[in-house]
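Comments concern the structure below.
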Amino acid sequence: MRPFQYSRPSSTPEAMLEVRNILAAGSLSSASFLAGGTTLLDLMKLDVVRPDRIIDLGALASEFGAVRRDGSSLRLGAFAKMAEVAAHPDVTAEYPVIAESLRLAASAQLRNMASLGGNVLQRTRCAYFRNPSWEACNKRTPGSGCAARDGANRMHAVLGTSEDCIATYPGDFAQALLALDASVAIIGPRGNRTIAFASLHRRPDATPHVETSLEPGEIIAEFIVPAAAWTRRSLYLKIRDRQSYEFAVASVAVGLDLDDGMVREARIALGGLATVPWRAQEAEDALQGRPLTEEAARAAALVAFRGAVRQSHNAFKITIGQAALVRALLQAASMEIR
66 MRPFQYSRPS
76 STPEAMLEVR
86 NILAAGSLSS
96 ASFLAGGTTL
106 LDLMKLDVVR
116 PDRIIDLGAL
126 ASEFGAVRRD
136 GSSLRLGAFA
146 KMAEVAAHPD
156 VTAEYPVIAE
166 SLRLAASAQL
176 RNMASLGGNV
186 LQRTRCAYFR
196 NPSWEACNKR
206 TPGSGCAARD
216 GANRMHAVLG
226 TSEDCIATYP
236 GDFAQALLAL
246 DASVAIIGPR
256 GNRTIAFASL
266 HRRPDATPHV
276 ETSLEPGEII
286 AEFIVPAAAW
296 TRRSLYLKIR
306 DRQSYEFAVA
316 SVAVGLDLDD
326 GMVREARIAL
336 GGLATVPWRA
346 QEAEDALQGR
356 PLTEEAARAA
366 ALVAFRGAVR
376 QSHNAFKITI
386 GQAALVRALL
396 QAASMEIR
């Protein structure tokens with residue numbers, strides 16, 4: 066590991082003051098934030114990222130590490146640990162898709178260490194990105210090319226790809242937030258703001274190295290999930306090569322509002338299949354106002370993958386993704402809601 070400077074601000078104002086000073090010096094691009102560290106330290110050991118300065122935000126957990134409910138929303142502190150949120154009684158009872166997405170992610174050791182904010186910002190598992198001996202990676206080195214397009218791309222994306230990048234977004238929790246129309250509270254050196262979670266991740270297009278809409282020095286403080294009719298009838302389904310500690314081949318987050326079997330509202334997000342957390346809005350529209358039968362679910366699944374682009378080794382993901390969506394919809398429809 067390469068040498069770096071280290072600091073641990075004790076509060077948000079102290080952290081923002083440090084960020085402003087680094088911005089003024091023009092050196093923020095060489096600094097990285099540290100929360101749980103399960104992604105950053107991994108990439109530093111692989112020599113994929115080489116920060117000159119690490120700003121440890123661990124002390125901010127006292128401000129942004131809680132789970133709270135009010136009459137209109139669930140508020141998840143970005144520094145809360147994945148395992149704590151997965152087991153929280155309000156989350157398991159009222160937002161099962163969130164609890165399941167966290168429980169099925171990573172290993173128990175990682176869930177005990179990783180923060181919610183770090184989880185949604187984790188980098189791709191593309192082998193060509195994570196191994197610097199491959200020179201062609203537009204996400205790591207803009208303009209260098211994409212070795213995955215002609216390489217081993219079995220686990221790569223079929224939705225949201227571009228000529229410059231086909232890397233898959235690897236997370237699970239993000240799909241639950243996307244399906245439930247969550248928003249993100251952000252603090253930054255130039256002020257605070259709140260954005261829709263759907264606008265946090267950016268598709269690769271011609272700039273795959275720009276992965277989110279966060280501005281320099283901004284930190285995720287909290288996720289806000291609105292209370293809605295579809296939160297209790299919700300689930301997360303994950304298809305993977307093995308049953309433990311594995312990334313998704315395909316995953317589905319579903320929330321349903323049903324009236325005697327008829328779909329009043331459907332919320333669908335796909336994971337393991339796209340370059341970003343993927344909202345299947347056309348599939349949602351196809352279900353609205355119809356009885357949720359297997360035939361309707363299969364029709365929606367075809368719509369969801371209408372724009373899919375397969376690579377040399379991953380055409381099977383389209384079939385598996387469609388089957389996973391059908392299964393998730395039918396399981397959600399059969400849930401007993403008290």
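All residue numbers in the sequence shown are consecutive under our numbering, ending with 403. Note that beta-carbon positions come from the ideal geometry of N, C-alpha and C, so glycine has one too.
For GLN70, the enclosing beta strand (DSSP E) begins and ends at 70-72. Our two residues, SER264 and GLU276, have alpha carbons roughly 11 Å apart in a direct line.
Restricting attention to GLU311, LYS382 and MET327, the CA atom closest to the CA of LEU175 is found in GLU311. The beta-carbon separation of LEU245 and GLY320, rounded to 6 Å, stays under the 8 Å limit for a contact. Taken in chain order, the whole alpha helix (DSSP H) runs of length 4 or more contained in the region 108-163 are 126-129, 147-151 and 154-159.
Spatial neighbours of SER166 in its own chain (CB-CB distance under 7 Å, excluding positions within 5 residues in sequence) are listed in chain order as ASP237, PHE238, GLN240, ALA241, TYR301 and ALA318.
If you look at LYS204, you'll find it isn't in any beta strand (DSSP E); DSSP assigns it neither H nor E. With a threshold of 16 other beta carbon atoms within 10 Å, GLY336 meets it and is buried. In the DSSP secondary-structure assignment, ASP322 is bridged to GLU330.
Unbroken alpha helix (DSSP H) stretches of 4 residues or longer found wholly inside the region 360-387: none. The residue from ALA339, SER94, LEU88 and ASP112 with its alpha-carbon nearest to that of THR233 is ALA339. In this structure, ARG118 lies near ALA96, with their beta-carbon atoms less than 9 Å apart. Straight-line spacing of the CA atoms in GLU228 and LEU108 works out to 25 Å. For ALA80, the enclosing alpha helix (DSSP H) covers residues 77-89. Collapsing the DSSP output to three states places TYR301 in a strand.
Closest option to GLU349, judged by alpha-carbon separation, among MET400, PRO342, ARG329 and VAL341: ARG329. Taken atom to atom, the span from the alpha-carbon of GLN346 to that of GLY354 is near 14 Å. In terms of CA proximity to VAL341, THR226 leads the group GLU401, PHE129, THR226 and TYR160.
Excluding the 5 residues flanking it on each side, PRO74 has same chain C-beta neighbours closer than 6 Å at ALA80 and GLU83, in chain order. The beta carbon of LEU352 lies closer than 7 Å to those of VAL328, ALA331, ALA361 and ALA365 in the same chain, with the five residues before and after it left out.
Rounded to the nearest angstrom, the Cβ distance from PHE144 to GLY182 is 6 Å, consistent with a contact under 8 Å. Boundaries for ALA241: no beta strand (DSSP E) harbours it, while the alpha helix (DSSP H) harbouring it runs 238-244, taken from the DSSP string. Among the bridge pairs identified by DSSP, LEU224 is matched with ALA339. Comparing C-alpha distances from PRO78 to each of GLY282, PRO356, GLY136 and ARG214 shows the shortest one belongs to GLY282. By the CB criterion at 9 Å, ALA286 and GLU128 fall inside the cutoff.
Counted as a single uninterrupted DSSP element, the stretch harbouring ARG355 is not any alpha helix (DSSP H), since DSSP gives it neither H nor E. The beta carbon of ALA261 sits closer than 6 Å to those of SER248, all from its chain and outside the five residues before and after it, given in chain order. Excluding its 5 nearest sequence neighbours in each direction, PRO235 has C-beta neighbours in its own chain below 7 Å: GLN187, THR189, ARG190 and PHE312, listed in chain order.
Assignment of SER248 by DSSP, reduced to helix, strand and coil, places it in the strand class.
A residue is called buried once 16 or more other Cβ atoms fall within 10 Å of its Cβ, and PHE381, having fewer, is exposed. Taking C-beta atoms as the reference points, GLN387 and ALA369 count as a pair closer than 9 Å. Annotation: MET220 to TYR160 spans about 29 Å, alpha carbon to alpha carbon.
ILE333 and PHE69 have their C-alpha atoms roughly 42 Å apart. By alpha-carbon distance to GLY123, the top candidate from ARG363, LYS146, ALA158 and GLY372 is LYS146. For VAL275, there is no enclosing beta strand (DSSP E), as DSSP marks it with neither H nor E. For the pair VAL374 and LEU224, the CB atoms are nearer than the 9 Å cut-off.
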